[in-house]
Amino acid sequence: MRSTPLNWRHRAACRTQDPELFFPNNSRRGSVPDTKEAKAVCSHCPVKEQCLQWALRTTQEYGIWGGLSEAERRALRRRNATRQHARRTTS
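Heads up: the sequence shown begins at 116 in my numbering, then just goes up one per residue.
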């Protein structure tokens with residue numbers, strides 16, 4: 116098998132799950148989507164980190180990627196941006 120940047124997806128724990136599990140609809144269960152089931156699948160995924168890095172690199176706005184929700188990925192991007200800014204200003 117030839118190596119491609121997305122080969123990690125073939126080993127993902129979510130590959131046999133219903134995709135809707137990872138893209139919860141806010142109206143389905145009230146105002147806050149239930150992400151526990153999706154995160155439980157991610158918790159034992161062998162490619163969780165690769166999935167998260169891909170989602171961050173490609174700025175995925177929706178769904179659970181690498182065990183993080185949309186809001187958690189936004190917060191992580193903000194923290195990373197703050198760290199990078201701090202490094203640039205102290206160098």
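Virtual Cβ for every residue (Gly too), placed ideally from N, Cα, C.
Using a 10 Å radius around the Cβ and a threshold of 16 neighbouring Cβ atoms, would you call residue i buried or exposed?
i	result
Lys163	buried
Thr197	exposed
Arg193	exposed
Arg172	exposed
Arg189	exposed
Ala170	buried
Pro161	exposed
Thr131	exposed
Thr204	exposed
Thr174	exposed
Leu121	exposed
According to DSSP, residue i sits in a beta bridge with which residue or residues?
i	result
Trp180	Leu183
Over the uninterrupted alpha helix (DSSP H) stretch that includes residue i, give me the two end residues.
i	result
Val162	It is not in any alpha helix (DSSP H) - Val162 carries neither H nor E in the DSSP assignment.
Glu152	Lys151 to Ser158
Smallest Cα separation from residue i: which of the options?
i	options	result
Pro134	Ser158, Ala153 and Glu187	Ala153
Ala155	Glu176, Asn195 and Ala128	Ala128
Cys157	Arg202, Glu176, Ser184 and His200	Ser184
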